[in-house]
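Anchor point for the sequence shown: position 51 equals 51 in UniProt numbering, and the numbering is continuous, going up by one each time. We put the CB at the ideal spot given by N, CA and C, even for glycine. Owing to the predicted nature of the structure, the values given are computational and were not obtained by experimental measurement. First comes the structure, then the notes that go with it.
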Amino acid sequence: MEKRKPTYDLGSFQDAARRGEVAVTRTAAQAAQRLGFDYDGMMVVIESMNRRHFYKSMTAYADNAAWQDVYHVPTSAGILYVKFMAGRISAFDLLSFKEK
């Protein structure tokens with residue numbers, strides 16, 4: 001299922017990233033590294049995100065009750081597909097950080 005309104009407050013996600021409370025999946029970290037982004041670079045991109053970059057909110061394939069927000073974020077490496085959701089252990093989980 002999809003919707004065109006964010007499930008999560010972007011500012012809360014960015015605040016959690018500043019505090020180091022965002023868990024980055026291995027898939028997201030590896031994709032970011034292939035694009036030339038280290039952890040600090042990923043945090044710079046997260047900090048640059050704004051509401052205009054929002055694309056959609058979608059349910060997880062494995063759990064239709066778990067919502068994930070997707071943003072298309074312009075960067076020096078091109079437009080990135082950034083997807084996150086509420087975390088189970090951390091405040092948020094960064095699921096995707098790849099080329100759109």
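{"Query": "Ordered list of alpha helix (DSSP H) runs contained in the region 43-92, each at least 4 residues", "Result": "none"}
{"Query": "Boundaries (first-last residue) of the alpha helix (DSSP H) holding residue 10", "Result": "10-18"}
{"Query": "Spatial neighbours of residue 83 in its chain, beta-carbon cut-off 6 Å, leaving aside the 5 residues before and after", "Result": "68, 70, 95, 96"}
{"Query": "Own chain partners of residue 54 with C-beta closer than 6 Å, once the 5 adjacent residues on each side are dropped", "Result": "6, 71"}
{"Query": "Residue 99 and residue 58 closer than 8 Å at C-beta", "Result": "no"}
{"Query": "Candidates 8, 88, 74, of which the one nearest residue 42 by Cα", "Result": "74"}
{"Query": "Same chain, Cβ closer than 8 Å to residue 89, neighbours up to 5 away in sequence not counted", "Result": "23"}
{"Query": "7 Å CB neighbourhood of residue 86 in its chain, flanking five on each side removed", "Result": "8, 92"}
{"Query": "Beta-carbon separation (whole angstroms), residue 28 vs residue 46, contact threshold 8 Å", "Result": "In fact, because the Cβ distance is near 11 Å, the residues do not count as touching under 8 Å."}
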